[in-house]
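Let me begin by presenting the structure, written as structure tokens, before commenting on it.
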Amino acid sequence: MEISTGTPARVRLLARAPGTSTLGAGLVLATLAGNAHAIDVDAGEYTAALPAGSTIGLLYLQDTQRRSLYSDGHKVPIKAGLDSEIGILRVAHYQTLGDYTINTQFLLPFGRMEGKRDNDTLGQANGVGDLVLASTLWLVNDPAKNRYWGIAPYLYVPTGHYDRNDALNLGENRWKLTLQTGYVTALTERLSLDLTADVTLFDKNDDLTSQGLTLRQKPLWQAQTYLRYAVTPKLSVHVGASRLWGGETRIDGQDQNDEPDTAKYRVGSSYWVTPTFQALLNYGQDVSVDNGFKEQQRVNLRLLWLF
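Just so you know, the numbering used here puts 160 at position 150 of the sequence shown, and the rest follows in order with no gaps.
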């Protein structure tokens, strides 16, 4: 699972006036907050609801490089650059609710973002992001058939660092709610399919930029899938893809026409080092982006401890 930062500073290309040659005249920040886009799940995220009383602790480490910027599906002719190193601390505790398994969890993002190359004027942001409170309810939990179905709300609480005068922020200064559902089914004895879909709903940010503008955002949708193959009981490999659409922003009543419409892929592997410790590694790239920075590469490491 990752909290996808998508385009941590959403940038809009404006029409250049005749004779304009400076980058500053061609690019303005249309949205300086509204950074996190979606909940990117890991392969097997909805697999194996644990017995009641179990607790897992997770540490996510993510390094992302962005070297191109798009507006309305066209690459902006600058040397774009935006890098981020994001970590997430996550704890989940499992319980029973009647005949169902449920967990309660919290996630705390932290890290840094920095503008690079022609985008170095964005500066950098360091610190803690918005706290996320979540819970997953398994409506189907059938280990014998390797079949699972769960639903999970994620509530983002605006506790992270936010400064309206900064171009980059780890906090968003607004509430958000993501509603997600995930289904896992066995295709063969070793091959399984993961299907996940979610929608994110946004509250307003009424303190955008030094002018105190109001940011509103339409619902953001995402669909994800993985194919996982169990090489051994300890080692699995996977390949996945996702699509992101919707999420257009409006600033002080003016539509920004900035739907990300992003497609990406991931490949990776997970390994149980001990019966209570697992490591998972993912590598991915954006395949296409309509608006915003395009990820040249993303590397994710997830460490999981079972208590």
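By construction, the Cβ of each residue, glycine as well, lies at the ideal position given by its N, Cα and C atoms.
Assigned exposure category for residue i - 16 Cβ within 10 Å defines buried
i	result
V38	Note on V38: pLDDT 28, under 50, position unreliable in the model; no value is reported.
L211	exposed
P285	exposed
R312	buried
R76	buried
K155	exposed
G44	Here G44 scores only 40 on pLDDT, less than 50, and its place in the model is too uncertain to base an answer on.
G29	Low confidence applies to G29: its pLDDT is 33, below 50, so where it sits in the model is not reliable, and the reading given next is rough at best. Classification for G29: exposed.
R127	exposed
T106	exposed
T169	exposed
G16	Reliability of the predicted coordinates at G16 is poor, the pLDDT of 49 falling under 50, and the value obtained from them is presented with this limitation in mind. Under this definition G16 is a buried residue.
V299	buried
N175	exposed
Q221	exposed
A90	buried
P229	exposed
N384	The structure shown does not extend to residue 384, since the chain spans only 11 to 317, so no value can be given for it.
D52	buried
A46	For A46, the pLDDT reaches just 49, beneath the cut-off of 50, and the residue's location in the model is therefore unreliable, leaving the point undetermined.
G54	buried
V241	exposed
V194	buried
D325	Because the chain here runs from 11 to 317, residue 325 falls outside it and cannot be looked at.
A35	Bear in mind that a pLDDT of 24 at A35, under 50, signals an unreliable position, so the model cannot answer this.
Cβ-Cβ distance between residue i and residue j below 8 Å
i	j	result
R308	Q115	no
R100	L68	yes
L254	A48	yes
Y166	V138	no
F317	L92	no
L189	D208	yes
R276	N301	no
Y70	I112	no
K214	R238	no
A273	S280	no
L147	Y110	yes
Closest by C-alpha distance to residue i, when choosing among the options
i	options	result
G125	Y164, A177, H171	A177
L393	G181, F303, A162	Any question about residue 393 goes unanswered here, given that the chain covers just 11 to 317.
W159	F120, R174, A196	A196
G278	P270, Y236, T242, A207	Y236
D296	Y193, L79, Q266	L79
E269	Y56, G263, T146, W231	W231
M123	D109, I96, Y104, N113	I96
T206	D109, W282, A251	A251
A4	S145, E182, G108	For the chain, the structure presents residues 11 to 317; residue 4 sits outside this window and is missing.
S81	N267, S94, S220	N267
A233	Y104, G192, R157, A90	G192
G294	D173, A58, T74	T74
D216	E182, G121, A240	E182
R157	F287, T57, Y172	T57
L117	D140, Y110, G108	D140
G121	Q264, S94, Y104	S94
T219	Q264, Y172, L314, D271	Y172
W282	W315, P119, D271, Y164	W315
Cross-strand partners of residue i (DSSP beta bridge)
i	result
Q75	D93, Q307
K186	Y166, F212
P119	I98
R260	R226, D265
L313	L69, A289
R157	D152
Y56	Its beta-bridge partners do not exist; DSSP assigns none.
G125	L92
T106	T111
N136	R122
T195	L203
Q232	D208, L254
K274	S252, D296
V247	Y239, S279
CB contact below 8 Å: residue i versus chain B
i	result
Q221	Protein chain content of the structure displayed is limited to a single chain, and chain B is not contained in it.
(message) Could you check whether the segment 80-90 touches the segment 49-67, counting it as contact only if at least three pairs of C-beta atoms, one from each stretch, sit closer than 8 Å?
(response) Contact between the segment 80-90 and the segment 49-67 is absent, with fewer than three C-beta pairs closer than 8 Å.
(message) Any contact between the segment 232-249 and the segment 192-207? By contact I mean 3 or more CB pairs, one from each, below 8 Å.
(response) Between the segment 232-249 and the segment 192-207, the count of Cβ pairs shorter than 8 Å is three or higher; the stretches touch.
(request) Evaluate the contact criterion for the segment 150-165 versus the segment 118-135: three or more CB pairs, one atom per stretch, below 8 Å. (result) The segment 150-165 vs the segment 118-135: no contact.
(request) Check whether the segment 246-265 touches the segment 212-231, counting contact only when three or more Cβ pairs, one atom from each stretch, lie closer than 8 Å. (result) Yes, since at least three Cβ pairs between the segment 246-265 and the segment 212-231 fall closer than 8 Å, the two stretches touch.
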